[in-house]
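Below you'll find the structure, written out as structure tokens, and then a few comments.
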Amino acid sequence: MSWQQYVDEHLMCDIDGQGIHLTAAAIIDHDSIVWAQSSAFPAFTLEEITAIMNDFAEPSSLAPTGLFLDGVKYMVIQGEPGAVIRGKKGTVGATVKKTNQALIIGIYNKLLTAGQCNMIVERLGDYLIDQGL
């Protein structure tokens, strides 16, 4: 399966046949190289991905400043140190799951809950970790 198929078929999947899905998703390696992304995935800076990687190495380092993607600041909420970062801004948010080689990023809007986004992103991330990726 190609990386783009993982994004299209697993991250951007239709939830419960309701026509509801993540707003955007991507798989990015630890050095900020995009392996695959949805058409609506926002631009990001090297500094934003570096800050995310630093938070995985030093959990809670993003808490004071926030999680940024394309300059949008998300308040960092409950996560799993070294494994998952979750951010929220009003009715939208993002989940970032770290695997051995990549970051799985999902962004959602008010049509989804944070829990639904977490489940989609973390399920794929756990699968890739199990595959040694």
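26 is the number that our numbering gives to position 26 of the sequence shown; each next residue is one higher, with no gaps.
Virtual Cβ for every residue (Gly too), placed ideally from N, Cα, C.
Quantities reported herein were computed from a predicted structural model and do not represent experimental measurements.
Keeping to the same chain, check which residues put their C-beta closer than 7 angstroms to that of Trp35; ignore five residues upstream and five downstream. Spatial neighbours of Trp35 in its own chain (CB-CB distance under 7 angstroms, excluding positions within 5 residues in sequence) are listed in chain order as Trp3, Ile27, Ile28, Asp29 and Ala102.
Once DSSP output is grouped into helix, strand and coil, what is the label at Thr50? helix
Checklist entry - Which one of Asp55, Tyr127, Gln131 and Leu11 has the shortest CA to CA distance from Phe41? => result Leu11
* To do: Can you tell me which of Leu22, Gln78, Ser38 and Gly82 puts its alpha carbon nearest to the alpha carbon of Ala51?
  => Gly82
Can you round the beta-carbon distance between Lys110 and Val92 to whole angstroms, since I take them to be within the 8 angstroms contact cut?
-> 7 angstroms
**Asked** With DSSP run on the structure shown, which of helix, strand or coil describes Asp130?
**Response** helix
Review point. What did DSSP end up calling Asp55 once you bin it into helix, strand or coil?
Key: helix
For this session: Could you check the C-alpha separation between Thr45 and Asp55 for me, to the nearest Å?
Result: 16 angstroms
Extent of the continuous beta strand (DSSP E) to which Phe68 belongs: Leu67 to Leu69
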